[in-house]
Amino acid sequence: MDVSIEDYQELVDQVRLFLEGRDRELISKVKKVMESASRELNFEKAAVVRDQIRAIEKTVEKQTVVSSKMRDQDIIGLSHSGKEAEVVILLVRGGSMVGTRSYSIRGAWEHSREILEAF
1 MDVSIEDYQE
11 LVDQVRLFLE
21 GRDRELISKV
31 KKVMESASRE
41 LNFEKAAVVR
51 DQIRAIEKTV
61 EKQTVVSSKM
71 RDQDIIGLSH
81 SGKEAEVVIL
91 LVRGGSMVGT
101 RSYSIRGAWE
111 HSREILEAF
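The sequence shown begins at 1 in full-length UniProt numbering and counts up one residue at a time.
Right, here's the structure in full:
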């Protein structure tokens, strides 16, 4: 199956939106493709795109909405006991949690502030 440069670039753009957690924007773009295919009476392509939209929606529905403000942010959590500390970063994109990062660190700290400054 040959893919035009324009179609390939569109797929790359869609993957980028998905990986950045910009699912609403992605679904909007893909719906436009489906509507265009439908207007051109290409119902087979429209059905394939419809199924892609459903798959995207199913994938992102499991994400937790952290903020209704729909902004990108990183939320840092910290727990420590003695010389061990765990720092967890929640990655929020478009108001939805899209990933986490966890770091275990060791050192001699008395206050949480010292740990965060060292981190």
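Positions of the beta carbon are idealized from the N, C-alpha and C atoms, including for glycine.
Presumed contact (8 Å Cβ cut-off) between residue i and residue j, rounded CB distance
{"i": "I56", "j": "L26", "result": "6 Å"}
{"i": "R71", "j": "G95", "result": "7 Å"}
Cut-off 8 Å between Cβ atoms - residues of its own chain near residue i, not counting five sequence neighbours on either side
{"i": "L84", "result": "The sequence given here has Glu at residue 84, not Leu. Result list for E84: S104, I105, R106, in chain order."}
{"i": "V30", "result": "Q14, V49, Q52, I53, I56"}
{"i": "I115", "result": "L78, H80, A85, V87, I105, G107, W109"}
Boundaries (first-last residue) of the alpha helix (DSSP H) holding residue i
{"i": "L116", "result": "112-118"}
{"i": "L26", "result": "23-39"}
{"i": "D51", "result": "43-60"}
Sequence-distant residues of its chain with Cβ nearer than 6 Å to residue i (five each side left out)
{"i": "L90", "result": "I75, M97, T100"}
{"i": "Q73", "result": "V92"}
{"i": "F119", "result": "V87"}
{"i": "Q9", "result": "none"}
Residue i - containing beta strand (DSSP E), residue span
{"i": "L78", "result": "73-81"}
{"i": "V15", "result": "V15 -> not in any beta strand (DSSP E); alpha helix (DSSP H) instead, spanning 5-19."}
{"i": "A85", "result": "84-93"}
{"i": "S107", "result": "It is worth fixing the name first, because residue 107 is Gly in this sequence and not Ser. G107 -> no beta strand (DSSP E), and no H or E assigned at all."}
Residues near residue i in its chain [Cβ-Cβ closer than 7 Å; skip 5 each side]
{"i": "S102", "result": "E86, V88"}
Residue closest to residue i, alpha-carbon to alpha-carbon, out of the options
{"i": "K69", "options": "R93, L78, T59, K58", "result": "R93"}
{"i": "T59", "options": "D23, K45, S81", "result": "D23"}
{"i": "G6", "options": "V33, E117, S81", "result": "Looking at the sequence itself, residue 6 is Glu, so the reference to Gly does not match. Cα-wise, what sits closest to E6 is V33."}
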